[in-house]
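Throughout the sequence shown, residue numbering follows UniProt numbering, covering 1 to 120 in sequence. Okay, so here's the structure we're looking at.
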Amino acid sequence: MKKPLLLLIIICFVFLVACMNEREEENVMTKETVTAFGVTGNLRGGGLLVTDFRVKGNAKTGEQVELLTSEKYYNKKDEKIAPEDIELGSKVEIKLWADYSIKETSPGQIEANDIEKILC
1 MKKPLLLLII
11 ICFVFLVACM
21 NEREEENVMT
31 KETVTAFGVT
41 GNLRGGGLLV
51 TDFRVKGNAK
61 TGEQVELLTS
71 EKYYNKKDEK
81 IAPEDIELGS
91 KVEIKLWADY
101 SIKETSPGQI
111 EANDIEKILC
């Protein structure tokens, strides 16, 4: 009696864990993004300074922000590029997760986990 009950509990546990992982993957795939634009400034310690930062549909403009990532840079063909390949003063399109936040520092900072990709 104990062995079948234990086996049933283990099977239920495995099934529940498998279902939870699928839901987490669905959430990542359906997460909304917002688009921002700016002009590249200097590379700063693994991050990129962006001047004239503005979010599409938001009237606030002219901010400077530092994008704290060294891995999420892509060209217009969606090919990964190194941060050093970005020309100073070039326009960039930044895909941010909808729940992104800007740290209140000078300049403002956006963490890597808030950035989907940076198109240069």
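Every residue gets a Cβ at the ideal spot worked out from N, C-alpha and C, and that includes glycine. The structure displayed is predicted, hence computed values, not measured ones.
For this session: Mind reading off the beta-carbon distance from I94 to I115? Whole number of angstroms is fine, and I expect it under 8 Å.
Result: 7 Å
Problem set entry | Contacts around V39, its chain only, beta-carbon distance under 8 Å, and the 5 residues preceding and following it disregarded | V50, T51, D52, G89, S90, K91, V92
Exercise. To the nearest angstrom, how far is it from the Cα of Q64 to the Cα of G108?
Worked result: 6 Å
For this session: Compute the Euclidean distance between the alpha carbons of T33 and L7, then round it to the nearest angstrom.
Result: 44 Å
Problem set entry | Nonlocal neighbours in the same chain, by C-beta distance under 8 Å from K56, ignoring five residues either side | V34, T35, A36, F37
Exercise. Going along the chain, which residues of its own chain have a beta-carbon closer than 7 Å to the beta-carbon of residue 129, five neighbours each way excluded?
Worked result: No answer is possible for residue 129: the residues shown for the chain start at 1 and end at 120.
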